[in-house]
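Chains as they are written, first to last, in my numbering: chain A, 1 to 224; chain B, 1001 to 1710.
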């Protein structure tokens, strides 16, 4: 009887270890699953070009976010895609819809972390897009909101080139009468480029965009 | 061990059980919804609907799973999928979520504008750049439907209501002296500059039970939460310079400024029929402080102070001159504290103090008027769910008015004092019955410690959304206001004056075009009546007056049809009669103009980076009483026309945003007559002679440079 019990104990112990191992591998698996699906989706993002394709990718990022609820990156990309779409479209109504979506996803991301430089950069971009809808009415309000977001982004990570780059783009397209133009944008592009040269994302999934565009815009600033 | 193996086998078999789920996503009107996100809850697995609303997704599912459909602006949709369900194509209908922008909103009587995009926006820049505004909020409101401007006083008249029936609030806190004090025939201005505010709610009737002590209209000015930009602003204007400075960080913000004003250049540039001994001059200062606290709490403090004086030789009739001196000191201080108590309860509190001291001299007689008020508010809002909101609150309004008239020979000394404490409470319930139908029910109770009167004012609003672009609303209710302290000082047992509003509103809004019309009926009772006194100004003061105002307004706004051109037009018709004050019969009162029309336009000229604004205003002549006629109040003044405009040139001076602004009122130079003043006694032939009442300032010209330094 004792022997049986001992055996049973042994078996239970083994079962326990096994279960523990399974759970561990499953969770490790889940972790690598996140990375896997993120890099897969990022690749799809790189290959997408039409609004339909981009929305499909954004939806996928949102689905990832619905599973990995403590990750801000998938929400960042979902919001980022809608923000890009809002810049691209000329239709005011459509623009508003994209911005609304970008902002609602952004709000969720901010609930996960409030100390992420990239999120503030993107928030600044959303404000820039809002500004573009009606510059005369919205310009002042969202212009300074955008500036504040970029400042916050820089304070959270002084090495992040993107807040400088986005500010540079905004100044670049502002008429000279309002303090914009190539001349005023040049130092910002230079600062952004300097940071791009040394910037290393925390891991391959982190935002790492803008360098090429910044380079070519810097050249066009210099050439004139 | 066997069991573990079978567990693995089970897991294996489940993952092999590939399934195809397909279907269509529609909205309520069977329109396909593209770009919706469809996924299996808890997995990465999902799909996006195409232009025909169609989706297809492959899944390795268990016996059952949860399918989720999410799409912005719609309620997210959950469906428990079982094997049997999977085989057929799904048809999923999403319902619009009620917190989307297209929802029905209570809107009868109200113009609301702030940061949110609405067809009628009224932010500081819009106010400052409206033709004829001269940077005064009330001048812009005067061009709105249902509103007319009383040229000689500079105050607004809403739907046949006296100027005093319109009340101004800042963040829910009453401002007891919103206009500047002036000498006769010089129009008053709003005390607060538009750049202090981030949004405006203006109601011409039927407003919420949150607002009391106003018979006709409520203007709610909203200040910003935190200031967004650090800057130094310098304004160099022909009527005086100003400077202000703002600093902020994530949790705190501070702003302060000073201004100096002297109307000398006004009178230099245009003719005036006023004989100044000392041209109006004033100093003002302001401080604003913001602090975020725990639980998303926010403290907002605003402080304004001003001091001004002027001396004038004034001729009421052509031959007699009187020297009038005015020295005014005004102070307004208020603090709000708002905080989230729980995720459903929000607390809003506020304290405001307002003090206005007018020291007047008539030849050598002296009149000191001192009006002090304090306002306390404690309000709670409960967001029970997204369709039910409950507001309850308590208010305490203290008013202390002292009046002291001393003649030069010191023989007459009339000190009068009125102290009143009005306690109020309100409860209001907003119910969204369906996405198309919303109802607001409110009740307000008020008690005056001075007159010991109680009033109960039930109010209601109903809004029905006809379709995406248009809405029909109704508002009605009772409104009460304490009799003016000018009468209370003689008779402290007066009653509240009362009004009843009924408003029907239709508005349609699409792609930056808006049409709005309102029909209304307003009934007055318990208005103050008196007989002109011999010893005192008024005798036999009672609350036996009655009256009504009825009419309609039209409003259109368009910023789409012509690019860079933004315009609105308003027309108001009002038919009003009153028997109040010392009127012997019910007649149309002297401050009411039957027809009012305004056309305000703004045009952005890209080439020269300038905005040009022009505003044309028309008001039908107003009645006045001619004592030479046997019929009371039967004469009419001439119609009133005004064309005002401004141009703002935007540039930069060494990288700092600079606006050069030129503003001219009454461009056509028309001599407008507001009313006539008659001699008190007839001449020998029994004839009362008269002089026209005109604006003491025929045309104002403002030239200014505004620089913002980051």
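Idealized CB from N, CA, C, for every residue including glycine. Model, not experiment: these values are computed from the prediction.
Determine the chain B residues that contact residue 49 of chain A at a beta-carbon separation under 8 Å, and present them in chain order. Locating residue 49 of chain A in the first chain gives position 49, counting from the first residue. None at all; the shortest Cβ gap to chain B is about 16 Å.
Do the segment 1387 to 1394 of chain B and the segment 1216 to 1234 of chain B meet, that is, are 3 or more Cβ pairs less than 8 Å apart? no
So the alpha helix (DSSP H) residue 54 of chain A belongs to, where does it begin and stop? Position 54 of the first chain, counting from 1, holds the residue named residue 54 of chain A. Its alpha helix (DSSP H) spans residues 51 to 67.
Return the CA-CA distance between residue 73 of chain A and residue 106 of chain A, expressed in angstroms with no decimal places. Stepping through the first chain from its first residue, residue 73 of chain A is reached at position 73. Stepping through the first chain from its first residue, residue 106 of chain A is reached at position 106. Roughly 11 Å separates the two Cα atoms.
Segments assigned beta strand (DSSP E), at least 3 residues, entirely inside the segment 1035 to 1077 of chain B: 1037 to 1040, 1046 to 1048, 1054 to 1060 and 1064 to 1070
Give me the chain A residues within the contact set of residue 1652 of chain B, using Cβ-Cβ distance strictly less than 7 Å, ordered along the chain. Counting from 1 along the second chain, the entry for residue 1652 of chain B is found at position 652. Chain A residues near residue 1652 of chain B: 177, 178 and 179.
According to DSSP, is residue 1225 of chain B helix, strand or coil? Numbered from its first residue, the second chain carries residue 1225 of chain B at position 225. Of the three classes helix, strand and coil, the one that applies to residue 1225 of chain B here is coil, per DSSP.
Check the Cβ-Cβ distances between residue 1228 of chain B and every residue of chain A, and say whether any is below 8 Å. Here residue 1228 of chain B refers to the residue found at position 228 when the second chain is read from its first residue. So yes, residue 1228 of chain B belongs to the interface.
With 16 other CB atoms within 10 Å as the buried threshold, where does residue 1294 of chain B fall? As a working mapping, residue 1294 of chain B is identified with position 294 in the second chain. With fewer than 16 other Cβ atoms within 10 Å, it is exposed.
Could you tell me if residue 216 of chain A is buried or exposed, where buried requires 16 or more neighbouring beta carbons within 10 angstroms of its beta carbon? Taking the first chain and counting its residues from 1, one reaches residue 216 of chain A at position 216. Residue 216 of chain A should be labelled exposed.
Three-state secondary structure (DSSP) of residue 1001 of chain B: Here the question's residue 1001 of chain B lines up with position 1 in the second chain. The predicted position of residue 1001 of chain B is uncertain, since its pLDDT is 45 and thus under 50; a value taken from the coordinates is nonetheless stated next. In this structure, residue 1001 of chain B counts as coil in the three-state DSSP scheme.
Rounded to the nearest angstrom, what separates residue 1297 of chain B and residue 145 of chain A at their Cα positions? Here residue 1297 of chain B corresponds to residue number 297 of the second chain, with the count starting at 1. Here residue 145 of chain A corresponds to residue number 145 of the first chain, with the count starting at 1. C-alpha separation (whole angstroms): 20 Å.
Stretch-stretch touch, CB-based, cutoff 8 Å, three pairs: the segment 1178 to 1189 of chain B with the segment 1204 to 1217 of chain B: no
Under 7 Å Cβ-Cβ, which residues of chain A neighbour residue 1657 of chain B? As a position in the second chain, residue 1657 of chain B is number 657, starting the count at 1. Under the 7 Å cutoff, chain A gives 178 and 179.
Between which two residues does the alpha helix (DSSP H) holding residue 1583 of chain B run? Translated into positions along the second chain, residue 1583 of chain B becomes position 583. Element bounds for residue 1583 of chain B: n/a, residue is neither H nor E.
Whole angstroms is fine: what's the gap from residue 1453 of chain B's alpha carbon to residue 1425 of chain B's? If you number the second chain from 1, residue 1453 of chain B lands on position 453. If you number the second chain from 1, residue 1425 of chain B lands on position 425. Distance between the alpha carbons of residue 1453 of chain B and residue 1425 of chain B: 14 Å.
Show which residues of chain A have a CB atom less than 7 Å away from the CB atom of residue 1048 of chain B. Reading the second chain from its first residue, position 48 is the one you call residue 1048 of chain B. In chain order: 55, 56 and 59.
Which of the three DSSP states is assigned to residue 162 of chain A in this structure? For this step, residue 162 of chain A is matched to residue 162 along the first chain. Helix at residue 162 of chain A.
Three-state secondary structure (DSSP) of residue 171 of chain A: The residue given as residue 171 of chain A occupies position 171 in the first chain. Residue 171 of chain A: helix per DSSP, three-state reduction.
In chain order, what residues of the same chain have a beta carbon less than 6 Å from the beta carbon of residue 1269 of chain B, not counting five sequence neighbours either side? If you number the second chain from 1, residue 1269 of chain B lands on position 269. For residue 1269 of chain B, where only same-chain residues beyond five positions count, the Cβ hits under 6 Å are 1701.
Suppose the cutoff is 6 Å on Cβ atoms and the five residues either side in sequence are ignored; what does the same chain contact list for residue 1539 of chain B look like? Within the second chain, the letter at position 539 stands for residue 1539 of chain B. Correct list, in chain order: 1531 and 1533.
Short-range partners of chain B found in the segment 63 to 74 of chain A, where Cβ spacing is below 8 Å: 63, 64, 66 and 67
So, using beta-carbon positions, are residue 1245 of chain B and residue 1235 of chain B closer together than 8 Å? Sequence index remark: in the second chain, residue 1245 of chain B carries index 245 (1-based). Sequence index remark: in the second chain, residue 1235 of chain B carries index 235 (1-based). No, the Cβ-Cβ distance between residue 1245 of chain B and residue 1235 of chain B is not below 8 Å.
In three-state DSSP terms, what is residue 1692 of chain B? Residue mapping note: residue 1692 of chain B aligns to position 692 of the second chain, counting from 1. It is a strand residue.
Report all residues from its chain with a CB closer than 7 Å to the CB of residue 1049 of chain B; omit the five preceding and five following residues, and keep chain order. By 1-based counting over the second chain, the position of residue 1049 of chain B is 49. Cβ neighbours of residue 1049 of chain B beyond the five flanking positions: 1025, 1033, 1034, 1035, 1036, 1038 and 1055.
Output needed for residue 109 of chain A: all residues of its chain with C-beta closer than 7 Å, excluding positions within five of it in sequence on either side, in chain order. As a working mapping, residue 109 of chain A is identified with position 109 in the first chain. Same-chain partners within the cutoff: 72, 75, 76, 79 and 119.
Check the Cβ-Cβ distances between residue 1576 of chain B and every residue of chain A, and say whether any is below 8 Å. Within the second chain, residue 1576 of chain B is the residue found at index 576, counting from 1. Not one chain A Cβ lies under 8 Å of residue 1576 of chain B.
Can you list, in chain order, the residues of the segment 70 to 102 of chain A whose Cβ is nearer than 7 Å to any Cβ on chain B? 100 and 101
Host beta strand (DSSP E) of residue 1260 of chain B (start-end): As a first step, residue 1260 of chain B is located in the second chain; it is residue number 260 there, counting from the start. That run of the beta strand (DSSP E) goes 1252 to 1262.
In this structure, how does DSSP classify residue 1190 of chain B when only helix, strand and coil are distinguished? Against the second chain, residue 1190 of chain B aligns to sequence position 190. Note: residue 1190 of chain B maps to strand in three-state DSSP.
Starting from residue 191 of chain A, find everything on chain B with Cβ-Cβ shorter than 7 Å and list it in chain order. For this step, residue 191 of chain A is matched to residue 191 along the first chain. By Cβ distance, chain B contributes nothing, its closest Cβ being about 17 Å from residue 191 of chain A, past 7 Å.
So, at 6 Å on beta carbons, what are the nonlocal neighbours of residue 1660 of chain B in its own chain, with the 5 sequence-adjacent residues on each side left out? For the purposes of this step, residue 1660 of chain B is identified with residue 660 of the second chain, where counting begins at 1. The residues are 1649 and 1705.
Suppose contacts are defined by Cβ-Cβ distances below 8 Å. Is residue 1304 of chain B in contact with residue 1278 of chain B by that definition? Stepping through the second chain from its first residue, residue 1304 of chain B is reached at position 304. Stepping through the second chain from its first residue, residue 1278 of chain B is reached at position 278. No. Outside cutoff.
Check this for me: beta carbons of residue 1473 of chain B and residue 1500 of chain B, under 8 Å apart or not? Reading the second chain from its first residue, position 473 is the one you call residue 1473 of chain B. Reading the second chain from its first residue, position 500 is the one you call residue 1500 of chain B. In this structure, residue 1500 of chain B does not lie closer than 8 Å to residue 1473 of chain B by Cβ.
Looking only at C-alpha atoms, which of A/56, A/140 and A/172 sits nearest to residue 82 of chain A? Start at 1 with the first residue of the first chain, and residue 82 of chain A comes out as number 82. Measuring from the Cα of residue 82 of chain A, the nearest candidate turns out to be A/56.
Is the Cβ of residue 145 of chain A closer than 8 Å to any Cβ of chain B? Along the first chain, one-based indexing puts residue 145 of chain A at 145. Taking Cβ atoms only, chain B reaches closer than 8 Å to residue 145 of chain A, which makes this a yes.
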